[in-house]
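Read left to right, the sequence shown gives residues 11 to 431 (my numbering).
Written out below as structure tokens is the structure these notes cover.
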Amino acid sequence: MWAKHFNGVGQNQPINMVSDASGNSYIIGNFTTTVNQDAFTLTTFGAQDVFFVKYNKDGQVLWLKQIGGTGAEVASSIAISNDGNFIYVSGTTNGTCSFDGSNITTSGANDIFLAKYSTSGTLAWVHKSAYGAQAQANGSITIDKDENIIQVGVFKTDVTFYPGTITLVPALFPAIRQNFIAKYDSSGNVIWGKMIEGDFTSFFRSISTYEFGYFFSGQWAGNLYTDIGTYTSNSSSLDGFLYKTDIAGNGSIFRKISGADDEYIYRNITDNNGNVYLTGYFYSNQLTIDSTLTDTSKIQLINVNQGTSDIILLKYNSQGIFQWGRATGTSKDEKVLNIDYSNNKIIITGTFDGKIGFDNFTLINLGGSDAFISECDLTGHFINALQASGKSTDVGKTCNYSSNGRNFIAVGDFISDTLAI
């Protein structure tokens, strides 16, 4: 077991991470002014930059990279190639941004970047993967079995995908921020790009792969116009969703997670059998979950205290049929921000405030909100729960199994003067 603390002047915020089979961990995040990790120090070029760091299995920093420029950069996602030799990172930039001396310049307010590095930290290539006249923002990336890169994001007015062969323009609601899903080859060239329009607000936030396609998740309010139908939220509040496509991006399944208030599906992950696990948090007093196209009220999960957020963890099989759901919380707010899978186990991480139960495990916060990491089996039974505690706000941001599932790593940020683990 080891613990590391990286600090600096300004804010340092980890966003996401991956681990390889040797137990090395790769983390991306944002920082303002400076960030210090072991003997390495970075100073921002502009308002906010991205850090990209590699730790070995013993917690030693092997290298620390900077992505930054004249504006503000925001880290979004990270993925590892199937052979474990390359790392892909994505995020948002405005102005001119440098990647080890290779520069990209935005076309509008914000563009999305996609970069490929070797595990030694050498840049292979970087592209403006999605760009346009106004703002683009990135949600997530993942790698499929054929080493293609799948990306989700949002845009306004128009979006063009590298190298400029596909452009999408909203036909129904051009003034509203819309969603895209896109597929690139391992060199970053677009294979296809598709748009999902809505008439109010929506966010395709996360993606995972299975043998024959992809699972997308997120939340929306109003009407969402997909290639397999139009879906309407319960009210002006946000509902969660699961959307399944084939490898060409053609939809086949849409499942709704809904209530009277807001629901947020933050991440999804797929196991070796194609089952998909969704996690996030909900404010509704009661949560209704679609199981099939016709069975739209399979289970109702109850919020501990209406008006505050509780944690949810849901499982669907590869055909989109609901398997089980878990909810837990306190009289205050709890949120899940990330999830990972390995060797028939699931871990989730986030934040809680109060006394929270994970089956036989009980955690009690020490000050403000504390970070947690909890582990469960594939039937939804929790088998472990740990916390990181201080006197102020502490948040678990991302988690990952390492060394082929023998260990797990959780990364977060804290405002407390000291942190007990």
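All C-beta atoms in this analysis are idealised placements derived from N, C-alpha and C, irrespective of residue type, glycine included.
Here the structure is a predicted model, which is why all the values come from computation and not from measurement.
Between I160 and I88 a beta carbon distance of about 14 Å is seen, past the 8 Å cut, so the two are scored as non-contacting. Given a length threshold of 3 residues, each whole run of the beta strand (DSSP E) inside the region 329-395 is given here in chain order: 332-338, 345-352, 355-362, 365-368, 371-374, 380-387. Exclusion of the five residues before and after A85 leaves I25, I38, G39, N40, V60, G101 as the residues of its chain whose Cβ lies within less than 6 Å of its Cβ. A check of alpha carbon separations from L323 across S379, T389, L373 identifies T389 as the nearest.
The distance from the Cβ of D363 to that of D343 is about 6 Å, consistent with a contact at the 8 Å cut-off. By the Cβ rule, the region 347-354 does not count as touching the region 308-321, because fewer than three pairs are nearer than 8 Å. When the beta-carbon positions are compared, A381 and G422 come within less than 7 Å of each other.
F371 has its alpha-carbon roughly 43 Å from the corresponding atom of D209.
Counting only runs of at least 3 residues, the region 21-71 fully encloses the following beta strand (DSSP E) elements, listed from N- to C-terminal order: 22-29, 35-41, 44-47, 50-53, 59-65. The shortest C-alpha to C-alpha distance from T304 to any of R265, Y235, C107, F418 is the one to R265. Bridge partners of V19 according to DSSP: none are assigned. Listed as beta-bridge partners of R277 by DSSP are T289. Ranked by Cα distance from W135, the first of G142, A125, T403, Y411 is A125. Judged by DSSP in its simplified three-state form, F183 adopts coil rather than helix or strand.
An exposed status is given to T240, since fewer than 16 other beta-carbon atoms sit within 10 Å of its beta-carbon. Secondary structure in the region 105-161: the beta strand (DSSP E) runs of 3 residues or longer, each lying completely within the stretch, are 106-109, 112-115, 121-128, 133-141, 146-153 in chain order. DSSP places E221 outside both helix and strand once states are collapsed to three, so it counts as coil.
K138 sits close to I114, with the two beta carbons spaced by under 7 Å. Burial is judged here by how many other beta carbons sit within 10 angstroms of a residue's own beta carbon; T408 has at least 16 and is buried. The alpha-carbon of W230 is positioned some 44 Å away from that of A49.
Boundaries for A258: no beta strand (DSSP E) harbours it, and the DSSP string shows neither H nor E there. It is roughly 21 Å from the alpha-carbon of D237 to the alpha-carbon of L248. Contact between the region 177-184 and the region 96-112 is absent, with fewer than three C-beta pairs closer than 8 Å.
Within the region 204-253, complete beta strand (DSSP E) segments of at least 3 residues are found at 211-220, 223-231, 233-236, 239-242, given in chain order. Counting the other CB atoms within 10 Å of its CB gives K365 a total below 16, which places it among the exposed residues. If the five residues before and after R336 are omitted, its C-beta is found closer than 6 Å to the C-beta atoms of L323, G390, all from its own chain and listed in chain order.
Across the structure, G269 and T80 are spaced so that their CA atoms are roughly 43 Å apart. By the neighbour-count criterion, in which 16 or more other beta carbons inside 10 Å mark a residue as buried, I312 falls on the exposed side. Around S246, the same chain offers F210, A231, G232 as residues with beta carbons nearer than 8 Å, after the five sequence neighbours per side are excluded.
When only Cα atoms are considered, N417 and A119 end up about 41 Å apart. Note on geometry: alpha-carbon atoms of L72 and F226 lie some 33 Å from one another. Of the candidates Y141, F214, N104, D68, the residue whose Cα lies closest to the Cα of G163 is F214.
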